[in-house]
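Here the structure is laid out as structure tokens; the discussion comes afterwards.
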Amino acid sequence: MAYQYKRRRPSIIRNFWVYRRLIGTAALLGLMLWFIWANDDAVTVAFPFRLGTVQSSLGIVILLSALCGSLLTVLGMTVFFALRKIRGSHPGGDPVEVRDLAEDRPPPDYASKTEEGFRNNPW
Numbered sequence: 002m003a004y005q006y007k008r009r010r011p012s013i014i015r016n017f018w019v020y021r022r023l024i025g026t027a028a029l030l031g032l033m034l035w036f037i038w039a040n041d042d043a044v045t046v047a048f049p050f051r052l053g054t055v056q057s058s059l060g061i062v063i064l065l066s067a068l069c070g071s072l073l074t075v076l077g078m079t080v081f082f083a084l085r086k087i088r089g090s091h092p093g094g095d096p097v098e099v100r101d102l103a104e105d106r107p108p109p110d111y112a113s114k115t116e117e118g119f120r121n122n123p124w
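First residue of the sequence shown: 2, per this note's numbering; consecutive thereafter.
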């Protein structure tokens, strides 16, 4: 029996789609490298309560502070969702009011009997 599947021709667009995460990561790392190179001023970071000082370039300090902010945000959201899940698991919350809306709604064939809309439709 012959091989029944045809091999697809290589496509650069398909390869970009397959490796999109790798290409995105490379672009992000290149952008970070350019950011560090563009902000090459020497700075000294002094921590509070005389914990110490760090001398580095401005670009690295900015990127590290952004990384710390992102990590604190992830930690805060994790705690928030955990507390929300714990609170939501207790029975006896506010009861949900279930209303029967049948008397508030129009009859089921209302749309076919209405005079509004298009008149003398060819369809």
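Don't be surprised by glycine CBs; every beta carbon is placed ideally from N, CA and C.
Is residue i buried or exposed, if buried means 16 or more other CB atoms sit within 10 Å of its CB?
i: Gly31; result: exposed
i: Gly53; result: exposed
i: Gly70; result: exposed
i: Gly60; result: buried
What is the DSSP secondary structure of residue i, counted as helix, strand or coil?
i: Ser58; result: strand
Taking C-beta to C-beta, are residue i and residue j nearer than 8 Å?
i: Ala43; j: Ser58; result: yes
i: Ile63; j: Asn40; result: yes
i: Gln56; j: Thr45; result: yes
Could you tell me whether the Cβ of residue i comes closer than 8 Å to any Cβ of chain C?
i: Arg9; result: Among the protein chains of the structure shown there is no chain C, as only one such chain exists.
inquiry  = To test your reading of the DSSP string, which unbroken beta strand (DSSP E) runs of 3 or more residues are found completely within the segment 3-43?
reply    = none
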